[in-house]
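Note sheet for the following structure.
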Amino acid sequence: MSTLTLIQAVNDGLKTAMRGDERVLVLGEDVGPKGGVFLATEGLTSEFGPERCFDTPLSEDGIIGTAIGMAVNGLRPVAEIQFQDFIFPAFDQIVSEAAKLRYRSGGQYTAPMVIRTPYGGGIRGGLYHSQSGEAYFAHTPGLKVVIPSTPHDAKGLLLASIADPDPVLFLEPKALYRSVKGEVPEGDYRVDLSTLRTVRPGKDVTVFCYGAMVPVCERAAQQAAEQGIDCLVVDLRTLTPLDEEGVLEAAKATGRVVTVHEAPRFCGYGAEISALIAENVIEYMEAPIRRVTGFDTPFPNTLEHHYMPDERRVLDAIESVARF
Amino acid sequence: MSTLTLIQAVNDGLKTAMRGDERVLVLGEDVGPKGGVFLATEGLTSEFGPERCFDTPLSEDGIIGTAIGMAVNGLRPVAEIQFQDFIFPAFDQIVSEAAKLRYRSGGQYTAPMVIRTPYGGGIRGGLYHSQSGEAYFAHTPGLKVVIPSTPHDAKGLLLASIADPDPVLFLEPKALYRSVKGEVPEGDYRVDLSTLRTVRPGKDVTVFCYGAMVPVCERAAQQAAEQGIDCLVVDLRTLTPLDEEGVLEAAKATGRVVTVHEAPRFCGYGAEISALIAENVIEYMEAPIRRVTGFDTPFPNTLEHHYMPDERRVLDAIESVARF
Amino acid sequence: MTMTEADLLTVIEADGGTPPDFDTGLSDAELRRAYRAMLSVRAFDDTCMKLQRAGRIGFSIPNRGIEATQVGAASALRPTDFFFPSYRDFGMALYLGVPPVEMMHNMFGDALDSAKGRQMPVHFSFTEPIKYFSISSPIGTHIPQAVGAAYAFKLRGEDHVSLVSFGDGGTSSLGFHSGMNFAGVWKAPVIFLCQNNGWAISCPSDHQTASDGFAIKAAAYGMPGITVDGNDLLAVHQVVSEAAERARKGEGPTLIEARTYRMGGHSTSDDPTKYVPAEELAKWAEKDPVERFRRYLAKRGLWDEALEERLQAEVSAEVRDAAKVAENTPGPGLETIFSDVYAQLPPHLRRQGEAAFDLAKRKGEAGAGDGAFPL
Amino acid sequence: MTMTEADLLTVIEADGGTPPDFDTGLSDAELRRAYRAMLSVRAFDDTCMKLQRAGRIGFSIPNRGIEATQVGAASALRPTDFFFPSYRDFGMALYLGVPPVEMMHNMFGDALDSAKGRQMPVHFSFTEPIKYFSISSPIGTHIPQAVGAAYAFKLRGEDHVSLVSFGDGGTSSLGFHSGMNFAGVWKAPVIFLCQNNGWAISCPSDHQTASDGFAIKAAAYGMPGITVDGNDLLAVHQVVSEAAERARKGEGPTLIEARTYRMGGHSTSDDPTKYVPAEELAKWAEKDPVERFRRYLAKRGLWDEALEERLQAEVSAEVRDAAKVAENTPGPGLETIFSDVYAQLPPHLRRQGEAAFDLAKRKGEAGAGDGAFPL
Ligand SMILES: Cc1ncc(C[n+]2csc(CCOP(=O)(O)OP(=O)(O)O)c2C)c(N)n1
Ligand SMILES: Cc1ncc(C[n+]2csc(CCOP(=O)(O)OP(=O)(O)O)c2C)c(N)n1
Ligand SMILES: [Mg+2]
Ligand SMILES: [Mg+2]
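Residue numbers (this note's numbering), protein chains in the order written: chain A, 15 to 338; chain B, 15 to 338; chain C, 193 to 567; chain D, 193 to 567.
Rendered as structure tokens:
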């Protein structure tokens, strides 16, 4: 065990995977000598050589397209997209190709690969260095979408994603890269994809969240506790395939639900949580299902702290459903 | 008034717009002499010349990217994407650029343009000629997403979209191109963006739908009526910005809701309808909010009729919520 | 485009002759096999067109006119190489030993289709006897994929190559740019085969780009570009062989532009008479690649009428039988909608599948639509 | 890349001289204005770096070393032309008359920022006094947009041009390929200015592509490609003038590669000492574009110490004052989160905005984060 930040845990996870399996390699913009703009890939080129960790030309389509070809031909690429906001030139490769290859080839060809990319706000990055695009990908059958919120999970989920036979989009909450620290086991371990994490048990209100919203919701839950509202906080971790049973259980447990994410509300991931509940366990609901999300606008810069859900907003929603 | 198919109404709408405003032009693959693979643009090059209706090289990124530049510089481009499945190479231009330009420039630059594209199943097109990607775009602030289901609306909504000061994604249900006919007024008229259409009044169950699912839902509602279940069928028409008030009213009117679309269920557009209701009027609900959708798989070929919601499936859902 | 015919690499002359000491690099058996493959393409193609007209399959893509490019390229590679074909590459599969019946299962989308009836016709996918990569409809996406596969060969120190085939229209795609660029930088063992068949649906190839042909685009990526007569099987074989040799030796990628012509519509849904100039078509009909190769074989004493009859009989029977088998194969089962989305069926898909079976039992089967494919 | 310095179009010699009868095409006033703009870039750049180090702004992008390219290009065009700049183009805006204070409002993201504080610093957008298109972070997306704008000029029969500026890294982007290709086919009046400054963040320009320089890529799109010494203001002015003339005459687009060097990190978040070879940096320091142009002016008798002092004093005061004004301007109001998404505020955004105001009233203002920008 050592105490690592989330970004160090990612780095440790990459090294562990590359040491354990020579098919694993890392490619992306500035991932080589520079070690990535967030230093997630620091030390990889020197340890594993420039054939297993290297910079590419400036083309996300090329990064993902070639990574698919590598995966098809026996490698286990981990592709970095420098910011999730820049993944869209590769949208076609991800959505039309990686996600659909197993299906369209009747299982003959597959693309076991991981796309790592930092997402979310908190660094004053404005429209194009702050977005949370999980809903675009979660709507795409054939992809897995994973978001860690602790250093332990960052490494364990990353190792599970690299070992997974299907393409995984691994979204890293950049706001937590250096702001959270935690115990991380040495060597290889895996956190199952498709299990939820109960961050905090509670009986009055269920809060669903993931990524950088997890500590926000934890703090809001602490403040709610001071008012006597006992919150069950659930970190979804694997957004798809989702542990739907687990979500429904957690919703039923309190009958009052708040969902929190940074992305815009309309057709956001939170809508699916509401819809699942409304479709399956609506009769247990004792209050409206509230969503606390980014606004339905592009991501602003100077006012980003107003855009991103914070404790105030989460607490307000918790109070409103608790008192309904 | 003349009686036109939906595709003829689109063609008529394009001609009307081009006659009325010389800034309007049409570009895309095979839209010129061939008149488009579905013949939506037939006759445009001969009437308006190859400078106002022309074929482009095979690049959706180029089509949308240049259309944005045209719009910024005073034109009103209508770009055709041959199949919605091929829009993804332009995803970055649409989501990062067209949708965000007004916001990021403080209103100094805008991209008034229309992207027309056929979507949905029904032609045995398999994975890549059948998709319904509305949720990808509806989640993107700054875009409008419009889907007609009748010839009248196809022309009227198209003319409103071309006149709109914001970028509009105009999704045409290819399954209805030639299978529906209807009265279409001559010349210019506009169907307001952001109004719902009540397809059929009813008091027992509310069915929300759009595009090619509208006639399916109508038929299911007729069959339900035979069993004494009276369905209110609502055609959403403008998916974003959505007339949320109208949706909530329609949901409250019956307390029992079914949403229908072809796209996969998970994080699909239907989730937003469920979420809106669960957030605002859950106390009026007397049954689970059911979704009838494509499965969470890529779109198959031989079995497409099993994949796409049909009367059987819609009726089954109507029955289940009516009897809950 | 101003490149003249004289710049084209051509081997087989009009009368079937070749330059004096020309070494084809192919044995007599291989030459005959290549010829048979071309006939096989034509039989398969004609049959599919007829099946489509008769409403027995939904869609096909004409391959007439481009057989020499397909077969010439395939004949230059090894079974251990990786093929990333386009939808218009019947000849690659057929030369390399894919049984026509396997292809027919795809045309009918039946239960024995290797893609389980999930894809449209002509979207083949095979792993045996060769790696014939699953074809995708979006144009150009397979180009960087072929480069990634080539990178894997190189990393493992194997001397295999990737061959990726695409059209003149495909050069405008994003995948062309990223694939070519990455291959150049990585010196990846990949052969880019641009089949310039004159058209991208209704768009003539000289409206696709203002460059002087397509081979010249290679310079933008630091690799050699070669223009070859695509109706000349031996010329195509030669340039692809040379490109493969360079690739295997670690000298990197090559772009080959094969000039040929689509002697038909884009697909069964297309009416080319609306836009193809009749004189142009007639001009190219004279350059028929099958006849040209036949003249060559005849001149070499490798062809006679008897051979022709035997081969024609063989390939027609093969294709006819294949169609019969496929047509009599049942469609894929309902469960194939839900499998192969992930390696393991996740619970939500299990539930969706169960609901579909349950509904089919309670309310009967869904009716098949009668959609007509427009492209 | 093997291109030698000799192939570069260069005008100003080491000692400040120019070839005998060389006509700059610029009046003395314009030459001085260009010089002043370069000084202005440097002052603006230095000030922003200091403001960032002091934590008073969040981010900036060094412009040192590339001033001649920016200003040389801007000086060759007209106020009626359309500029599609990159984030590293301070000199275009400054030469063309954008007041430094307008740029500073963006650096501080305050209420008077023309983009209302929504974008990161260096993402300018101006419509006055020139059309300086709103800068986007995604690389290359503005390239086809510039082509579309050029098409509009052409369609209306106006003789204006688009100038689009991007980096060596930008040539790998999808927008480069589609923009260049469409421009070639349309013969659109657009100038593609590739500023090859040696780096794309930490990736050297010769790892970006295997081609022999970037200008050669023009051939792939059927347009002329020119390589120019980017540290030579007069050379850049000349090639851009020629390209503009061609474009205005209907002769189509041009690709210009300006060879220059990024004399600093990629941004304030970058530590270039990790990857930039010190000798290379030193070599380029000797070619400083400002000093070079100063020597030219001196030789022409258009510069002396007194002028230098006056100009330096002017530009520093201007930039200092601009920073002071911007820093004292309040931030944008909460309502700016919700406006300009659409032309009209739709009801759901009105509700979201009202809820935000209501919450701020009930529970207090949200606290600003302390994010540090890594790029
Ligand atoms: C990204 C994308 N855009 C559009 C299409 C529709 N489409 C199918 S084939 C085709 C033309 C392709 O032309 P070319 O690359 O020359 O290949 P050919 O059909 O001539 O073999 C087009 C536009 C597509 N499949 N993918
Ligand atoms: C599509 C995209 N991918 C990645 C990035 C991150 N990024 C910002 S600048 C940059 C390098 C750009 O290099 P170049 O085009 O040479 O311009 P320069 O910064 O040298 O002026 C990268 C990779 C981005 N902004 N957009
Ligand atoms: Mg073609
Ligand atoms: Mg650069």
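The C-beta atom is built at its ideal place from N, Cα and C for all residues, glycine as well.
Determine which residues of the stretch 371-384 of chain D have a Cβ less than 7 angstroms from any Cβ of chain C, and write them out in chain order. Listed by position along the chain: Asn373, Gly376 and Val377.
Could you check whether Arg234/C and Val482/C sit closer than 8 angstroms to each other, using their CB atoms as the reference points? As a working note, residue 482/C is residue 290 in the third sequence. As a working note, residue 234/C is residue 42 in the third sequence. Yes, Cβ-Cβ distance for Val482/C and Arg234/C is below 8 angstroms.
Exposure label - Ser306/D; buried when at least 16 CB within 10 Å: Numbered from its first residue, the fourth sequence carries residue 306/D at position 114. Per the 10 Å Cβ criterion, buried.
Is the beta carbon of Asp360/C within less than 7 angstroms of some heavy atom of ligand 5? Ligands present in the displayed structure are limited to ligand 1, ligand 2, ligand 3 and ligand 4, and ligand 5 is not among them.
Please tell me whether Ile82/A has its Cβ less than 8 angstroms away from any Cβ of chain C. Position 68 of the first sequence holds residue 82/A. Contacts with chain C at 8 angstroms (Cβ-Cβ) include Ile82/A.
Could you tell me the distance, in whole angstroms, from the CA atom of Ala149/A to the CA atom of Leu141/B? The residue given as residue 149/A occupies position 135 in the first sequence. The residue given as residue 141/B occupies position 127 in the second sequence. Going from the Cα of Ala149/A to the Cα of Leu141/B covers about 20 angstroms.
Could you tell me which chain B residues have their CB closer than 7 angstroms to the CB of Leu366/D, listed as they occur along the chain? For this step, residue 366/D is matched to residue 174 along the fourth sequence. Simply Asp75.
Helix, strand or coil: how does DSSP classify Lys409/C here? Here the question's residue 409/C lines up with position 217 in the third sequence. Three-state result, Lys409/C: helix.
Would Cys395/D and Phe358/D be called neighbours here (beta carbons separated by less than 8 angstroms)? Stepping through the fourth sequence from its first residue, residue 395/D is reached at position 203. Stepping through the fourth sequence from its first residue, residue 358/D is reached at position 166. Their beta carbons are not under 8 angstroms apart, which means Cys395/D does not touch Phe358/D by this criterion.
Would you list, in chain order, the members of the stretch 521-532 of chain C that have their beta-carbon closer than 8 angstroms to a beta-carbon of chain B? Along the stretch 521-532 of chain C, the positions whose C-beta sits under 8 angstroms from a C-beta of chain B are Gly523, Pro524, Leu526, Thr528, Ile529 and Phe530, read in chain order.
Neighbouring residues, chain C, relative to Pro155/A (Cβ below 9 angstroms): Here the question's residue 155/A lines up with position 141 in the first sequence. The answer, in chain order, is Val533, Tyr534 and Leu541.
Contact with chain B by Gly545/D, beta-carbon distance below 8 angstroms: The residue labelled residue 545/D in the question sits at position 353 within the fourth sequence. It does not: the Cβ of Gly545/D has no partner Cβ on chain B nearer than 8 angstroms.
What would DSSP say about Gly140/A, mapped onto helix, strand or coil? Mapped onto the first sequence, residue 140/A falls at position 126. The answer is helix: DSSP assigns Gly140/A an H, G or I state.
Of all the CB atoms in chain C, is at least one closer than 8 angstroms to the CB of Leu360/D? Taking the first residue of the fourth sequence as 1, we reach residue 360/D at position 168. Residue identity differs from the one stated: residue 360/D is Asp in this sequence, not Leu. Chain C contact via Cβ: absent.
Determine which residues share a DSSP beta bridge with Ala450/D and list them. Mapped onto the fourth sequence, residue 450/D falls at position 258. Paired residue(s): Gln387/D and Val420/D.
What does Met312/D reach in chain A if we use C-beta pairs closer than 9 angstroms? Locating residue 312/D in the fourth sequence gives position 120, where the first residue counts as 1. For Met312/D, the residues of chain A that pass the 9 angstroms Cβ criterion are Arg138, Gly139, Gly140, Leu141, Tyr142, His143 and Asn315, in the order they occur in the chain.
Residues of chain D with CB closer than 8 angstroms to the CB of Lys48/A, please, in chain order. By 1-based counting over the first sequence, the position of residue 48/A is 34. Here the neighbours are Ile393, Ser394, Lys466 and Tyr467.
Beta-carbon within less than 7 angstroms of Arg138/B's beta-carbon, same chain only, minus the 5 sequence neighbours each way: which residues are those? For the purposes of this step, residue 138/B is taken as the residue at position 124 of the second sequence. Here the set comprises Asn315 and Glu318.
Name, going along the chain, the residues of the stretch 91-109 of chain B whose beta-carbon falls closer than 7 angstroms to a beta-carbon of chain A. For the stretch 91-109 of chain B, residues whose beta-carbon sits nearer than 7 angstroms to a beta-carbon of chain A comprise Phe102, Pro103, Phe105, Asp106 and Val109.
For Leu347/C, decide whether its Cβ has a neighbour in chain A, counting only Cβ atoms nearer than 8 angstroms. Taking the first residue of the third sequence as position 1, residue 347/C is located at position 155. Output row for Leu347/C: interface = yes.
Could you name the residues of chain B that Lys308/D contacts, counting a contact when the two beta carbons are closer than 7 angstroms? In the fourth sequence, counting from the first residue as 1, residue 308/D sits at position 116. Per Cβ cutoff of 7 angstroms: Gly120.
Consider the C-beta atom of Trp391/C and the heavy atoms of ligand 3; say whether any pair is separated by less than 7 angstroms. By one-based count along the third sequence, residue 391/C stands at place 199. Trp391/C: yes, Cβ under 7 angstroms from ligand 3.
Run of the beta strand (DSSP E) containing Ala93/A, from where it starts to where it stops: Stepping through the first sequence from its first residue, residue 93/A is reached at position 79. Arg90 to Glu94 is the span of the beta strand (DSSP E), which, as asked, contains Ala93/A.
DSSP state of Ser531/C, grouped into three classes? Taking the first residue of the third sequence as position 1, residue 531/C is located at position 339. Looking at Ser531/C - three-state DSSP - the assignment turns out to be coil, as it is neither helix nor strand.
Within the continuous alpha helix (DSSP H) that includes Phe300/C, where are the two ends? On the third sequence, residue 300/C is found 108 positions in, with the first residue counted as 1. The continuous alpha helix (DSSP H) containing Phe300/C extends over residues Pro292 to Phe300.
Can you say whether Pro91/B is buried or exposed, counting buried as having 16 or more other CB atoms within 10 angstroms of its CB? The residue given as residue 91/B occupies position 77 in the second sequence. By the 10 Å Cβ count, Pro91/B comes out buried.
Per-residue burial, Lys409/D [other beta carbons within 10 Å of its own, 16 or more giving buried]: The residue labelled residue 409/D in the question sits at position 217 within the fourth sequence. Lys409/D is buried by the Cβ-count criterion.
Using beta-carbon positions only, say whether Arg78/B and Ala93/B come within less than 8 angstroms of one another. In the second sequence, counting from the first residue as 1, residue 78/B sits at position 64. In the second sequence, counting from the first residue as 1, residue 93/B sits at position 79. Just to set this straight, residue 78/B is Ile in the shown sequence, not Arg. In this structure, the beta-carbon distance from Ile78/B to Ala93/B falls below 8 angstroms.
Answer yes or no: does any C-beta atom of chain A fall closer than 8 angstroms to that of Gly209/D? Locating residue 209/D in the fourth sequence gives position 17, where the first residue counts as 1. With respect to chain A, the C-beta atom of Gly209/D has no partner C-beta closer than 8 angstroms.
Straight-line CA distance for Asn389/D to Pro254/D? Counted from its first residue, the fourth sequence places residue 389/D at position 197. Counted from its first residue, the fourth sequence places residue 254/D at position 62. Rounded to whole angstroms, Asn389/D to Pro254/D spans 12 angstroms at the Cα level.
Bridge partner(s) assigned by DSSP for Val308/A: Within the first sequence, the letter at position 294 stands for residue 308/A. A quick correction: the sequence has Gly, not Val, at residue 308/A. Answer by DSSP bridge pairing, in chain order: Pro278/A.
When we look at the beta-carbon of Pro323/A and count the other beta-carbons within 10 Å, is it buried (16 or more) or exposed? The sequence position of residue 323/A within the first sequence is 309, counting from 1. Classification of Pro323/A: buried, given that the 10 Å Cβ count is 16 or more.
Could you tell me whether the Cβ atoms of Phe282/D and Gln311/D are closer together than 8 angstroms? Counted from its first residue, the fourth sequence places residue 282/D at position 90. Counted from its first residue, the fourth sequence places residue 311/D at position 119. A distance of 8 angstroms or more separates the beta carbons of Phe282/D and Gln311/D.
So Val86/B packs on Ala341/D, CB below 8 angstroms; how close in whole Å? Position 72 of the second sequence, counting from 1, holds the residue named residue 86/B. Position 149 of the fourth sequence, counting from 1, holds the residue named residue 341/D. With 8 angstroms as the limit, Val86/B and Ala341/D qualify as a contact, their Cβ atoms being about 6 angstroms apart.
If we require 3 or more residues per run, which beta strand (DSSP E) segments fall completely within the stretch 148-198 of chain B? The stretch 148-198 of chain B contains these whole beta strand (DSSP E) runs: 158-160, 182-187 and 195-198.
Would you please verify whether the beta carbon of Phe300/D is less than 8 angstroms from any beta carbon of chain B? Within the fourth sequence, the letter at position 108 stands for residue 300/D. Look at Phe300/D: its C-beta is not under 8 angstroms from any C-beta on chain B.
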